[in-house]
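Colleague: First, the structure itself, so that you have it in front of you.
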Amino acid sequence: MIPISIDGSGVRKATLSLAFGFVGLAANEGVNVPLLFGAVFFIVGAVIGLIWILNAEKTAQGSAPIGVAE
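Position 19 of the sequence shown, counted from 1, bears residue number 19 in this note's numbering, the numbering being contiguous throughout.
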């Protein structure tokens, strides 16, 4: 069977839900953990992306085009 999902999130949730059940924890916690990790990775990536974009704009304002010698 080939799992088809976006970013493997469905497979990850199902696997952790099953794994949490095996060790005696609540299965819904196994679903919450990958959701929390996904949210944290998204937020961190968005913040880093904004910093990168804002830094690129500042760098572009202070730069001058390079002339080509003929």
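C-beta: ideal position from N, C-alpha, C; glycine also.
Considering only the alpha carbon of each residue, which of Asn32, Ala46, Phe22 lies closest to Ser9?
Modeller: If we check each option's Cα against that of Ser9, Asn32 comes out closest.
Colleague: How would you call Ser5, buried or exposed, if buried means at least 16 neighbouring beta carbons within 10 angstroms?
Modeller: It is exposed - the Cβ of Ser5 has fewer than 16 other Cβ atoms within 10 Å.
Colleague: Please work out which residues of its chain come closer than 8 Å, Cβ to Cβ, to Ile51, disregarding the five sequence neighbours upstream and downstream, and give them in chain order.
Modeller: If we look at Ile51 and ignore the five residues flanking it on each side, it has no Cβ neighbours.
Colleague: Any contact between the region 18–30 and the region 40–48? By contact I mean 3 or more CB pairs, one from each, below 8 Å.
Modeller: Short answer: they don't touch.
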